[in-house]
Amino acid sequence: MLKYTEDHEWLRAEGDEIVVGITPHASEQLGDVVFIELPEVGREVEAGEEIVVIESVKAASDIAAPIAGVITAVNDALADAPGDVNEDALAAWFFRIKPAEGVTLDGFMDDAAYQALIG
0 MLKYTEDHEW LRAEGDEIVV GITPHASEQL GDVVFIELPE VGREVEAGEE
50 IVVIESVKAA SDIAAPIAGV ITAVNDALAD APGDVNEDAL AAWFFRIKPA
100 EGVTLDGFMD DAAYQALIG
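Following numbering that gives the first Met the number 0, the numbering of the sequence shown begins with 0 at its first residue and continues without gaps.
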């Protein structure tokens, strides 16, 4: 089950890790994505820390870590094919993060709440 942030990121629990990407709404707002810079594997991050740079034909944006933890993997395929985010934002994950102790997804929005946010 996906959870969502107010910054238009999606989160999905897989085992003891969380997979993170941006929502279709965010990819539509950005337009054609032309470049993505991902964080380094092994990097310890805090919630709210800007860790991804995404550039599109319309704008450049920073994506913040939605939770604190350690980056365990990144989707290297996006470096060669950043447009995958536009084709299927829910499949084009950015990174996996092992949450810091005590971090849960309880405070994030479910699908109904996110749909209400984007109207």
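The C-beta atom is built at its ideal place from N, Cα and C for all residues, glycine as well.
Here the structure is a predicted model, which is why all the values come from computation and not from measurement.
By DSSP, does residue i sit in helix, in strand, or in coil?
{"i": "D75", "result": "coil"}
{"i": "P38", "result": "coil"}
{"i": "L112", "result": "This sequence places Ala at residue 112; Leu is not what is there. If DSSP states are grouped into helix, strand and coil, A112 belongs with the helices."}
{"i": "D83", "result": "helix"}
So which of the options has the shortest CA-CA distance to residue i?
{"i": "I15", "options": "T103, E43, E27 and A90", "result": "Reading the sequence as shown, one finds Asp at residue 15 and not Ile. It is T103 whose Cα lies nearest to the Cα of D15."}
{"i": "E86", "options": "P23, R11, Y3 and D6", "result": "P23"}
{"i": "I70", "options": "I17, E36, D105 and I21", "result": "I17"}
{"i": "K97", "options": "D61, V73 and E27", "result": "V73"}
Within this structure, are the beta carbons of residue i and residue j separated by less than 9 Å?
{"i": "V52", "j": "A46", "result": "no"}
{"i": "L10", "j": "I66", "result": "yes"}
{"i": "A78", "j": "V84", "result": "no"}
Taking only the alpha-carbon atoms, compute the straight-line gap between residue i and residue j and give it to the nearest angstrom.
{"i": "A12", "j": "I50", "result": "19 Å"}
{"i": "L29", "j": "M0", "result": "25 Å"}
Just checking: is the beta-carbon of residue i within a distance shorter than 9 Å of some beta-carbon in chain D?
{"i": "P38", "result": "Checking the listed chains, one finds no chain D in this structure; it contains a single protein chain."}
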